[in-house]
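Participant: Per the numbering used here, residue 614 is the first one in the sequence shown, and the count goes up by one each step.
In this text, a Cβ means the ideal position worked out from N, Cα and C, and glycines have one as well.
Submitted below is the structure of interest, expressed as structure tokens.
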Amino acid sequence: MPRTNETFDLVIAANRLPVDRVVGPDGEATWRTSPGGLVTAMESVMKGRDGAWVGWAGEAGQAPDPFVADDGMYLHPVPLSEDEVAHYYEGFSNDTLWPIYHDVIVPATFHRYWFGAYQAVNRKFAEAICQVAAEGATVWVHDYQLQLVPTMVRELRPDVRIGWFNHIPFPPVELFAQLPWRRAILEGLLGADYLGFQRVADSQNFIRACRQLLGLPTKGDTVSVSRSDSARRVRASAVPISIDFQGLEELAKQPETQQRAREIRESLGDPQTLIVGVDRLDYTKGIGHRIKAYGELLAEDKVAPPRETFVQVATPSRERVAAYQALRSEIEGEVGRLNGEYSRIGAPAVQYLHHAYPRHEMASLYLAADVMLVTPLRDGMNLVAKEYVTCRHDEGGALVLSEFTGAFHELHQAFVCNPHDIEGLKQTIMRAIQTPPKEKRRLMRAMRRRVADHDVQRWASRFLDNLAHAPERPSVPPGQAPSRPSPHVRAVHEAPANEPANEPAPAPAPAAPA
Ligand code: ADP
Ligand code: F6P
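If you want it as structure tokens, here you go:
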């Protein structure tokens, strides 16, 4: 149902809408869920809230008219031309910023005209936001694709409150400084009232960059936007994202989901140990390191199909970007080599699936997996890790988790690995397979408690509460209402009182060897 000229008290803006418009070979247009953790998290947050979502509908050309989705959310599409998709999205966002923000795992590409497109598209987003934001609205901007938007919105609409959350890491200043447009990006972000990051290290990297590259005064978790005594202050801190624990757990408990999990195992020949990886096909995810380690375990006969079976779901992603094309060839070549060498008829060494699946199928796969491999080289959070433990209401399964994910800072009871250390990774995989079920249940129970207590609604409440109080911290005595409450904070998921500046980093606690 198209609607126009409506305004909202809560506006969120992300590069993608929660649904992508896809035109089939028959010319028929359909909508399908957009890929990635941002959409998984924000879809749950927006359910039941009255707000608008500004974003790209996933195809080049004219944008559809604004419309209300089946779940009642108001979606406001932003059009991107072919050139803008190539230069703003595939180019500057995913071939310049993405590598710089992920430890330069692959080299970053710099083109001045890509930055020009990034500026132009950020301006389009800012204008679209201002069109749907009511007087005094809360505007919540998301991710690295929209870092210029906070200042652009502030210039157009000084009446609104502006927050920004980064779903990916924020790089150390030594890497960030490589960006020829580093000043423009920091100045773009400083238009916000509050900036949220996944980890303490990310928010500190940002604050340090403002001090060293812009020469701005910083104090604790705030940055002054000029040197004057009366300068506006911007707060930056860590608010780690999460998932809809209750909703996903309910899905995993459904008899159909459990039945499907059994079917998955049966169709794989009922392995003793089913090992699973689920990732966008992205070089940050460490899929190659994982396959190398598994290949060596096969060669050493420590694992063998069908007793151990490895399923790798590699979700299609950014398929026109050269680094992603190279990664796909590399991974598929390696999987082919392992299968040629170690598969038997009816018992492949590695089952490789290059598809997207509905949520209930993902839940069944998590339930079926005895060992889940989450081994990124760098990852803002990694929601797959939290989804896995959420689905394991039976307290079964074992999570192998890279110390370079945001999730590592919360899920201390995982089997922790450094994916660069292939020998260590092999040992960790074997420990996850061999640790006695009773001990694994204890570890799983503790991780489930953490995700249940820190779910996506609590994350959203904390973010919005921080935004409402910025540049001060919300400091609410237990049991009392906040002095300046955000109208969007749900009562049942109140932000924790006297929230610390940042979440403390945990002491790494690798699981004991079997
Ligand atoms: P990222 O945002 O980098 O993709 P996350 O692990 O944070 O990584 O989030 C990935 C999200 O995408 C999760 O919600 C996961 O369930 C979903 N997902 C990943 N692969 C698939 C797939 N093949 N089909 C459907 N959903 C997927
Ligand atoms: O969190 C990183 C991110 O870029 C998100 O914006 C999105 O959830 C995901 O990765 C998918 O990427 P893309 O939108 O480029 O397909």
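Between the beta-carbon of residue 864 and the beta-carbon of residue 972, is there less than 9 Å?
Facilitator: Their beta carbons are under 9 Å apart, which means residue 864 touches residue 972 by this criterion.
Participant: For residue 913, is the classification buried or exposed, using 16 other Cβ atoms within 10 angstroms of its Cβ as the cut-off for buried?
Facilitator: It counts as exposed.
Participant: With distances taken from CA atoms, which of 759, 685 and 638 is nearest residue 669?
Facilitator: Cα-wise, what sits closest to residue 669 is 759.
Participant: Please name the residue in 894, 776 and 957 whose C-alpha comes closest to that of residue 806.
Facilitator: Of the candidates 894, 776 and 957, the one whose C-alpha sits nearest the C-alpha of residue 806 is 776.
Participant: In the DSSP output, which residue or residues are listed as bridge partners for residue 832?
Facilitator: For residue 832, which the question treats as bridged, DSSP gives the partners 835.
Participant: Closer than 8 Å to a non-hydrogen atom of ligand 1 - does that hold for the CB of residue 653?
Facilitator: Within the cutoff, so yes.
Participant: Could you give the C-beta distance for residue 897 and residue 1024, rounded to a whole number, given that I count them as a contact under 8 Å?
Facilitator: Going by Cβ atoms, the distance from residue 897 to residue 1024 rounds to 18 Å, so no, they are not a contact pair.
Participant: Quick check: the Cα distance between residue 683 and residue 940, rounded to an integer number of angstroms?
Facilitator: Rounded to the nearest angstrom, the two C-alpha atoms are 36 Å apart.
Participant: Sort out for me which residues DSSP pairs residue 1012 with in a bridge.
Facilitator: 985, per the DSSP bridge assignment.
Participant: Have a look at residue 692 and residue 631 and give me their C-alpha separation to the nearest angstrom.
Facilitator: Each residue's alpha carbon lies about 15 Å from the other.
Participant: Do residue 657 and residue 860 count as a contact pair if the criterion is CB distance below 9 Å?
Facilitator: Contact: yes.
Participant: Using beta-carbon positions only, say whether residue 926 and residue 887 come within less than 9 Å of one another.
Facilitator: No, Cβ-Cβ distance for residue 926 and residue 887 is not below 9 Å.
Participant: With a threshold of 8 Å (Cβ to nearest heavy atom), would residue 1044 be considered close to ligand 2?
Facilitator: Checking the Cβ of residue 1044 against ligand 2 gives no.
Participant: If residue 904 sits next to residue 966, beta carbons under 8 Å apart, how far is it from one beta carbon to the other, in whole angstroms?
Facilitator: The Cβ separation is near 14 Å, so there is no contact.
Participant: Rounding to the nearest angstrom, what Cα-Cα distance links residue 1105 and residue 1066 in this structure?
Facilitator: Note that residue 1105 has pLDDT 25, beneath the 50 cutoff, so the model's placement of it is unreliable and no number is given.
Participant: To the nearest angstrom, how far is it from the Cα of residue 835 to the Cα of residue 850?
Facilitator: Going by the C-alpha atoms only, they are around 9 Å apart.
Participant: Does the distance from the CB of residue 762 to the CB of residue 781 come in under 9 Å?
Facilitator: No; because the gap between Cβ atoms is not below 9 Å, this pair is not in contact.
Participant: Is it the case that the CB of residue 707 approaches a heavy atom of ligand 2 more closely than 8 Å?
Facilitator: Checking the Cβ of residue 707 against ligand 2 gives yes.
Participant: Along the chain, where does the beta strand (DSSP E) containing residue 735 start, and where does it finish?
Facilitator: Not the beta strand (DSSP E): residue 735 falls in the alpha helix (DSSP H), residues 725 to 745.
Participant: Once you ignore the five residues that flank residue 870 on each side, which residues in its own chain have a CB closer than 8 Å to its CB?
Facilitator: Within the same chain, residue 870 has close Cβ partners 864, 973, 976, 977 and 980.
Participant: Return the CA-CA distance between residue 725 and residue 696, expressed in angstroms with no decimal places.
Facilitator: Taking the straight line joining both Cα atoms gives about 14 Å.
Participant: Run the proximity test for residue 1022: is its beta-carbon closer than 8 Å to any non-hydrogen atom belonging to ligand 2?
Facilitator: For ligand 2, not one heavy atom lies less than 8 Å from the Cβ of residue 1022.
Participant: So the beta strand (DSSP E) residue 925 belongs to, where does it begin and stop?
Facilitator: Run containing residue 925: 921 to 928, per the beta strand (DSSP E) assignment.
Participant: CA-CA distance, residue 831 and residue 823?
Facilitator: Between residue 831 and residue 823, the C-alpha separation is close to 8 Å.
Participant: Taking the alpha-carbon of residue 933 as reference, which of 655, 698 and 659 has the nearest alpha-carbon?
Facilitator: For residue 933, the nearest C-alpha among the options comes from 698.
Participant: Just the Cα atoms here: how many angstroms apart are residue 681 and residue 624?
Facilitator: The alpha-carbon atoms of residue 681 and residue 624 are separated by roughly 14 Å.
Participant: Could you check whether the region 765 to 775 touches the region 728 to 743, counting it as contact only if at least three pairs of C-beta atoms, one from each stretch, sit closer than 8 Å?
Facilitator: The answer is yes - the region 728 to 743 touches the region 765 to 775, with three or more Cβ pairs under 8 Å.
Participant: Given 8 Å as the limit, is there contact between the region 660 to 678 and the region 711 to 727, that is, 3 or more CB pairs closer than that?
Facilitator: No: the two stretches stay apart, fewer than three of their Cβ pairs being nearer than 8 Å.
Participant: Taking 9 Å as the cut-off, decide whether the C-beta atoms of residue 1061 and residue 1006 are in contact.
Facilitator: Yes, they are a contact pair.
Participant: Around the Cβ of residue 620, are there at least 16 other Cβ atoms within 10 angstroms (buried) or fewer (exposed)?
Facilitator: Exposed.
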